[in-house]
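Chemist: In numbering that gives the first Met the number 0, the protein residues as written are 0 to 227.
We put the CB at the ideal spot given by N, CA and C, even for glycine.
This structure is in structure tokens; I'll ask about it shortly.
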Amino acid sequence: MGLEGNLKDFDLSDILQLIQLGKKTGALVVQAGGEEGVIYFSDGAAVHAKAGEVTGDQSVNRILRWRQGSFAFRPDEVTTYRTIQTPLQHLVLDAARQIDEWHDIQRLIPTMDMVLAIEEHPPAGTEDIKLQPMEWRVLSLVDGGRNIKAIVRDGHMPEFDTCKVLYGLLSSGLLKAAPLPKPEPPKAEPPKPAVQPPAPKPAVQPAAPPPKPDEKKGMLGGLFGKKK
Numbered sequence: 000m001g002l003e004g005n006l007k008d009f010d011l012s013d014i015l016q017l018i019q020l021g022k023k024t025g026a027l028v029v030q031a032g033g034e035e036g037v038i039y040f041s042d043g044a045a046v047h048a049k050a051g052e053v054t055g056d057q058s059v060n061r062i063l064r065w066r067q068g069s070f071a072f073r074p075d076e077v078t079t080y081r082t083i084q085t086p087l088q089h090l091v092l093d094a095a096r097q098i099d100e101w102h103d104i105q106r107l108i109p110t111m112d113m114v115l116a117i118e119e120h121p122p123a124g125t126e127d128i129k130l131q132p133m134e135w136r137v138l139s140l141v142d143g144g145r146n147i148k149a150i151v152r153d154g155h156m157p158e159f160d161t162c163k164v165l166y167g168l169l170s171s172g173l174l175k176a177a178p179l180p181k182p183e184p185p186k187a188e189p190p191k192p193a194v195q196p197p198a199p200k201p202a203v204q205p206a207a208p209p210p211k212p213d214e215k216k217g218m219l220g221g222l223f224g225k226k227k
């Protein structure tokens, strides 16, 4: 039976270190709320990871931020993918440094499904803000329709770096949360045509009896009609 437990009782960084020191091969599956992530190991080295639409180093970073949920290690489950480029110890250290910053970011960005829009009337003083190239790059992807997951995907930038930029733009008043789209009212079905009762069948008239042949009258009729 594989190693499993609750994130409230175990720190994921300790679990990763245990797998690494034991040179285990398998998959560590982590579930938190409606999200699921998995990190694959080969002889204790992390080789591939996936969390939602994110893979590789960024997905390890995301998984390490989860504090509620469960985990389970499935021994001998392997993969052919190789998406992790950074040693696992460095990823753990980076995630630990970012935890406090994520708490601040989540005050303004509570969910990656959040949609942002440009603020039409920014506060005074924002005209003096000088944006860096990465900030312009992120800002160009904000259109009032993309959610933050789509901005991360389309910008091809690390999730943490993108959210950090968005947090700064929100804090400065250059961006705002886009209003949620109103649900469309259900379409009224066209009225069904009234069912017309079938037309009554015409009454069948009894066939008229064939006309009786006219009795021959006149001279010949009188002659042949007389009895002898």
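#1: Tell me the residue span of the beta strand (DSSP E) that contains Leu115.
#2: Look at Ile90 and Val59 and say whether their C-beta atoms are less than 8 Å apart.
#3: What are the residues that DSSP puts in a beta bridge with Phe72?
#4: Could you give the first and the last residue of the continuous alpha helix (DSSP H) run that contains Glu228?
#5: Hey, how far is the Cα of Gln131 from the Cα of Met156?
#6: Across the segment 77–93 and the segment 39–58, are there enough close Cβ pairs to call them in contact, namely three or more that are closer than 8 Å?
#7: Going by other Cβ atoms of all chains shown within 10 Å of its Cβ, with 16 needed for buried, is Ile104 buried or exposed?
#8: Tell me which same chain residues have a C-beta within less than 8 Å of the C-beta of Glu228, skipping the five on either side of it?
#9: When DSSP labels each residue in this structure, what does Leu222 get in the three-state scheme?
#10: Using DSSP with H/G/I as helix, E/B as strand and the rest coil, what is Asp13?
#11: For the candidate residues Ser171, Glu119, Leu138, Phe9, whose alpha-carbon lies nearest to that of Asp127?
#12: Could you tell me how far apart the beta carbons of Gln19 and Gly43 are, in whole angstroms, since I believe they sit closer than 8 Å?
#13: Which runs of the beta strand (DSSP E) at least 3 residues long sit entirely within the segment 36–69? Give them in chain order.
#14: With burial defined as no fewer than 16 other Cβ atoms inside 10 Å of the residue's Cβ, what is the status of Ile311: buried or exposed?
Modeler: From the atom records:
#1: 115–117
#2: For the sequence presented, residue 90 should be read as Leu rather than Ile. Their beta carbons are under 8 Å apart, which means Leu90 touches Val59 by this criterion.
#3: For Phe72, which the question treats as bridged, DSSP gives the partners Leu27.
#4: With the chain represented from 0 up to 227, any question about residue 228 goes unanswered, as that position is not in the structure.
#5: 15 Å
#6: yes
#7: Buried, because 16 or more other Cβ atoms sit within 10 Å of the Cβ of Ile104.
#8: Outside the displayed span of the chain (0 to 227) sits residue 228, for which this structure offers no information.
#9: Here the model assigns Leu222 a pLDDT of 35, short of 50, so the residue's position is not dependable, and the following value carries that caveat. Helix at Leu222.
#10: Note: Asp13 maps to helix in three-state DSSP.
#11: With distances taken between Cα atoms, Asp127 lies closest to Ser171.
#12: 5 Å
#13: Counting only runs of 3+ residues, the beta strand (DSSP E) found wholly inside the segment 36–69 occupies 44–50, in chain order.
#14: What is shown of the chain runs 0 to 227, which leaves residue 311 out entirely.
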